[in-house]
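With the first letter of the sequence shown counted as 1, position 87 gets the number 95 in our numbering; the numbers rise by one all the way through. Heads up, the beta-carbon is just placed ideally off N, CA and C, and yes, glycines get one too. For reference, the structure discussed in these notes is given below.
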Amino acid sequence: MAKLILTHEVTGLGEPGDVVDVKDGFARNYLIPRSLATPWSKGAESQVTAIRKARKAREIASLDEAKAARDSLQSKAVVVKAKSGNGGRLFGAVTTAEIADAVAALGGVTVDKRKIEIAQPIKSTGEFSVSVRLHPEVSAKIAVNVVAA
Numbered sequence: 009m010a011k012l013i014l015t016h017e018v019t020g021l022g023e024p025g026d027v028v029d030v031k032d033g034f035a036r037n038y039l040i041p042r043s044l045a046t047p048w049s050k051g052a053e054s055q056v057t058a059i060r061k062a063r064k065a066r067e068i069a070s071l072d073e074a075k076a077a078r079d080s081l082q083s084k085a086v087v088v089k090a091k092s093g094n095g096g097r098l099f100g101a102v103t104t105a106e107i108a109d110a111v112a113a114l115g116g117v118t119v120d121k122r123k124i125e126i127a128q129p130i131k132s133t134g135e136f137s138v139s140v141r142l143h144p145e146v147s148a149k150i151a152v153n154v155v156a157a
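Following this line, the structure appears as structure tokens:
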């Protein structure tokens with residue numbers, strides 16, 4: 009087992025700054041090459057505290073604020089414009105960054121693109137449902153309407 013410090017959020021494993029034990033192959037072949045984690049050492053405690061401090065500054069502080077943000081996000085549909093060809097098929101796919109920018113354009117809550125989860129790639133025009141993790145206990149379902157640009 010390898011002991012690592014997560015530098016980015018890994019779904020099902022932990023948040024940035026968490027110290028986790030994973031199998032050697034998972035660490036060697038996936039986490040470390042993608043810069044999602046760094047090897048743990050005794051001197052890395054200052055790195056862990058810096059990562060946790062930055063995470064606290066970014067995330068929504070309280071459960072009540074997260075619930076209010078969820079209600080405001082679920083009340084509106086987000087419109088994303090994308091280039092499309094015949095039949096409504098997109099050139100490429102809608103990314104989480106484009107969805108985060110569209111949410112920011114509506115005003116209100118700013119959403120980190122890493123907190124947006126798309127079940128399957130959005131490659132056509134239409135209406136889709138996307139999940140956003142606002143807090144460890146609160147997630148919101150956003151209606152995303154993809155239209156041709």
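Query: Quickly, what does DSSP pair leucine 12 with across the bridge? List them, please.; Result: Val28 and Pro47
Query: Where do the N-terminal and C-terminal ends of the alpha helix (DSSP H) with arginine 78 fall, by residue?; Result: 71-83
Query: Considering Cα atoms alone, identify which of Asn94, Gln82 and Ala45 is closest to valine 117.; Result: Gln82
Query: Check whether the Cβ of alanine 151 lies closer than 7 Å to any heavy atom of the ligand GTP, and answer yes or no.; Result: The ligand GTP is not among the ligands present in this structure, which contains no ligands whatsoever.
Query: Given that a residue counts as buried once 16 or more other Cβ atoms are within 10 Å of its Cβ, and exposed if not, what is threonine 19?; Result: exposed
Query: Work out the CA separation of glycine 22 and threonine 46 for me, nearest whole Å.; Result: 14 Å
Query: Can you tell me which of the three DSSP states leucine 98 falls into?; Result: strand
Query: Going along the chain, which residues of its own chain have a beta-carbon closer than 8 Å to the beta-carbon of alanine 113, five neighbours each way excluded?; Result: none
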